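Enquirer: Heads up: the protein sequence lines correspond to chains A and B, in order. Using the numbering used here, read the first sequence as starting at 4 and increasing by one per residue. Using the numbering used here, read the second sequence as starting at 4 and increasing by one per residue. Think of the CB as a built atom: it goes at the ideal place given N, C-alpha and C, for glycine as much as any other residue. This one's a predicted model, so the numbers in the text were calculated from it and none came from an experiment.
2 protein chains.
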Amino acid sequence: MSPARVDRTGPNLDRGYIVPVGGAEDKLADTNILKKFVEICGGKEARIAIIPTASVLAETGPKYERIFTGIGVTSATALPYAERADAERADWMATLEEATGIWITGGTQLRLSTILGGTQVARTIRRCNAAGVHVGGTSAGAAILSEHMIAFGKEGSTPRAGAASMAPGFGLTNRVVIDQHFRQRDRLGRLLSSLAYNPFAIGLGLDEDTAAFIAPTDTLTVVGSGAITLVDVSGLAHSSMAEASESEPICMIGVQLHILVDGATYDMRARVAKPPAVKPSESE
Amino acid sequence: MSPARVDRTGPNLDRGYIVPVGGAEDKLADTNILKKFVEICGGKEARIAIIPTASVLAETGPKYERIFTGIGVTSATALPYAERADAERADWMATLEEATGIWITGGTQLRLSTILGGTQVARTIRRCNAAGVHVGGTSAGAAILSEHMIAFGKEGSTPRAGAASMAPGFGLTNRVVIDQHFRQRDRLGRLLSSLAYNPFAIGLGLDEDTAAFIAPTDTLTVVGSGAITLVDVSGLAHSSMAEASESEPICMIGVQLHILVDGATYDMRARVAKPPAVKPSESE
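Structure (structure tokens):
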């Protein structure tokens, strides 16, 4: 499920944004993250396709339809894929194909991969993103966006063998492994464990109500009330993951962390973090 | 770690072969698989770079040097990367860059991913394969070849939650998940479990002394004394992986199996299996 190639001959020269959110984004007051997602998708003209498959609650799709129309979007339509055969529905596929933004809700990320993995829906989401459509997701919907996702795992700040169970995601990007509800569920250990297997990806630990807006240039900007714990293992000198027994702590030498807050950016190609631009103080 | 793009402007129009072997390939008598690997790499003119990193035994590299020179190869050189800093060695990189074939030995696949993942060596192997260099590996060296690999798991023929632990591999292909010592270690259950997470890939269960020669066209040919159990989950109607508790058996409806032996082929794009060509009997 590698990223589909960007079509350099079409009207969109770049892929769309990829927007993982750490879960529990503000849906009532500021709706800061969702507003910003709508904005890049075309504002009032946006056509948002909502995929509530991660959730088993029937109201999840309609709830996001109301949230998006509340923000001012004219067209927000839930496509409640619930079993693999649903991926063949032509009417839902037409809605998906016409979307300017695709929003994937929270729930269980393995529902997304088991129900939609290997289907036309997963291929279409990849292809649309490569053609310029923006794709965002919260919680499970964030985890599924990358090629390698954490399917489930254990809490705690120390990496341990077996603390992170990996599975293939939708594969919109292979530069990151995403974890969500990060501070709230004490997940540094499981994110480090997932990176220790093969230290090629960048770890994104997303707090709740916090999003990474990953631009087509692979530079991300933080939006939200929490932080992103960015884990760079490119300088890792050693990891003991290959030798560790189940639940044993993993030795990792040379991990670099950045704690990024609203407005901070990170260039994932050059691996350079920048703080938010300083706002002129009111007394100036 | 997605496959590097094939350079359509260079002298090689296609990527090289990808050759996973199920372990315990014949090294003394026929050496059928290794001979065939040498043949595609240029025969006597082949330059084989051997990566024994999966193994902790110092003799693994020299042993394969002897096997390959015994087959008639002039240049077979072990590059015993043992820690991450070794990936910076310029002399070894030169040997790797000049190879017509790269051979990855058995051992522990997590040693390959933890020591070489994210380094220049992993990138070079991907880039060389995309540029026409053939890459083969046995046992752990087979598992590492794909984007999603089985890091470790449990025996048994029934898929169970937690029976397969996944990790990112070297990513030469994203069409397959590979398992090795397949019949010998009763691994159908763990291969099915790995596919149940996200049913997009093809499962290759490789018996010992059995290889899949995956051509640049993504058609594989079986070579060896055992069988390849090919698992196609593209028609999967249902999997219960998202709901199953640890160790619980997984419900999977609609799995297609092919048991392929020496000479049989499988077109991984069209998903079509063909038996070996019928040889004229001696009495005719």
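Short check: CB of residue 288 of chain B to CB of residue 237 of chain A, under 8 Å?
Expert: Look at the range of chain B in this structure, 4 to 287, and you will see that residue 288 of chain B is not part of it.
Enquirer: Is the beta carbon of residue 183 of chain A less than 8 Å from the beta carbon of residue 142 of chain A?
Expert: Taking 8 Å as the Cβ cut-off, residue 183 of chain A and residue 142 of chain A qualify as a contacting pair.
Enquirer: Thinking just about the alpha-carbon of each residue, which of A/246, A/30, A/271 and A/265 is nearest to the one in residue 165 of chain A?
Expert: Considering only alpha carbons, the answer is A/246.
Enquirer: Does residue 37 of chain B come out as helix, strand or coil in the three-state DSSP assignment?
Expert: Reduced to three states, the DSSP call for residue 37 of chain B is helix.
Enquirer: For the alpha helix (DSSP H) that contains residue 96 of chain A, what are its first and last residues?
Expert: Segment 93-101, the alpha helix (DSSP H) holding residue 96 of chain A.
Enquirer: Thinking C-beta only, is residue 265 of chain A closer than 8 Å to residue 225 of chain A?
Expert: Yes, the Cβ-Cβ distance between residue 225 of chain A and residue 265 of chain A is below 8 Å.
Enquirer: Give me the chain B residues within the contact set of residue 96 of chain A, using Cβ-Cβ distance strictly less than 7 Å, ordered along the chain.
Expert: None at all; the shortest Cβ gap to chain B is about 18 Å.
Enquirer: Let me see if you follow: with CB-CB separation under 8 Å, is residue 261 of chain B close to chain A or not?
Expert: No, residue 261 of chain B does not count as interfacial toward chain A.
Enquirer: Identify the contact partners of residue 91 of chain A in chain B, using a Cβ-Cβ distance below 8 Å as the criterion.
Expert: By Cβ distance, chain B contributes nothing, its closest Cβ being about 11 Å from residue 91 of chain A, past 8 Å.
Enquirer: Taking residue 111 of chain A as the query, report the chain B residues whose CB atoms sit under 9 Å from its CB, ordered along the chain.
Expert: Those are 245 and 246, listed as they occur along chain B.
Enquirer: Does the beta carbon of residue 269 of chain A come closer than 8 Å to any beta carbon on chain B?
Expert: Answer no: the Cβ-Cβ gap between residue 269 of chain A and chain B never drops below 8 Å.
Enquirer: Within the 8 Å Cβ cut-off, does residue 132 of chain B reach chain A?
Expert: Not one chain A Cβ lies under 8 Å of residue 132 of chain B.
Enquirer: Would you kindly report the start and end of the unbroken alpha helix (DSSP H) that includes residue 77 of chain B?
Expert: It is not in any alpha helix (DSSP H) - residue 77 of chain B carries neither H nor E in the DSSP assignment.
Enquirer: I'd like the list of long-range same chain contacts for residue 71 of chain B, defined as Cβ closer than 6 Å, with 5 residues on each side in sequence excluded.
Expert: For residue 71 of chain B, where only same-chain residues beyond five positions count, the Cβ hits under 6 Å are 51 and 79.
Enquirer: What does DSSP give as the partner residue(s) for residue 184 of chain A in the beta ladder?
Expert: Its beta-bridge partners do not exist; DSSP assigns none.
Enquirer: Under 8 Å between the Cβ atoms of residue 201 of chain B and residue 90 of chain A?
Expert: It is not a contact, given that the beta carbons lie outside the stated cut-off.
Enquirer: According to DSSP, residue 252 of chain A sits in a beta bridge with which residue or residues?
Expert: Its beta-bridge partners are A/163.
Enquirer: Taking only the alpha-carbon atoms, compute the straight-line gap between residue 74 of chain A and residue 128 of chain A and give it to the nearest angstrom.
Expert: Going from the Cα of residue 74 of chain A to the Cα of residue 128 of chain A covers about 23 Å.
Enquirer: Is it true that the CB of residue 209 of chain A sits closer than 8 Å to the CB of residue 215 of chain A?
Expert: Contact: yes.
Enquirer: Rounded to the nearest angstrom, what separates residue 148 of chain A and residue 46 of chain B at their Cα positions?
Expert: The straight-line gap from Cα to Cα measures roughly 44 Å.
Enquirer: With DSSP as the reference, please indicate the residues paired to residue 276 of chain A in a beta bridge.
Expert: Paired residue(s): A/269.
Enquirer: Helix, strand or coil, according to DSSP, for residue 17 of chain B in the structure here?
Expert: Three-state result, residue 17 of chain B: coil.
Enquirer: Given this structure, state the Cα-to-Cα distance separating residue 146 of chain B from residue 156 of chain B, to the nearest angstrom.
Expert: So the two alpha carbons sit approximately 13 Å from each other.
Enquirer: Residue range of the beta strand (DSSP E) that residue 50 of chain A falls in?
Expert: Here the beta strand (DSSP E) through residue 50 of chain A covers 50-54.
Enquirer: Short check: CB of residue 244 of chain B to CB of residue 280 of chain B, under 8 Å?
Expert: Not in contact: residue 244 of chain B and residue 280 of chain B (Cβ atoms no closer than 8 Å).
Enquirer: Please list, in chain order, the chain A residues whose beta carbon lies closer than 9 Å to that of residue 60 of chain B.
Expert: Within chain A, no residue comes near residue 60 of chain B; the closest Cβ sits about 15 Å away, beyond 9 Å.
Enquirer: Starting from the C-beta of residue 132 of chain B, find all residues in its chain whose C-beta is less than 6 Å away, skip the five residues before and the five after it, and write them out in chain order.
Expert: Same-chain partners within the cutoff: 18, 19, 138 and 175.
Enquirer: If we cut at 8 Å on Cβ distances, does residue 158 of chain B have a partner in chain A?
Expert: So, not an interface residue.
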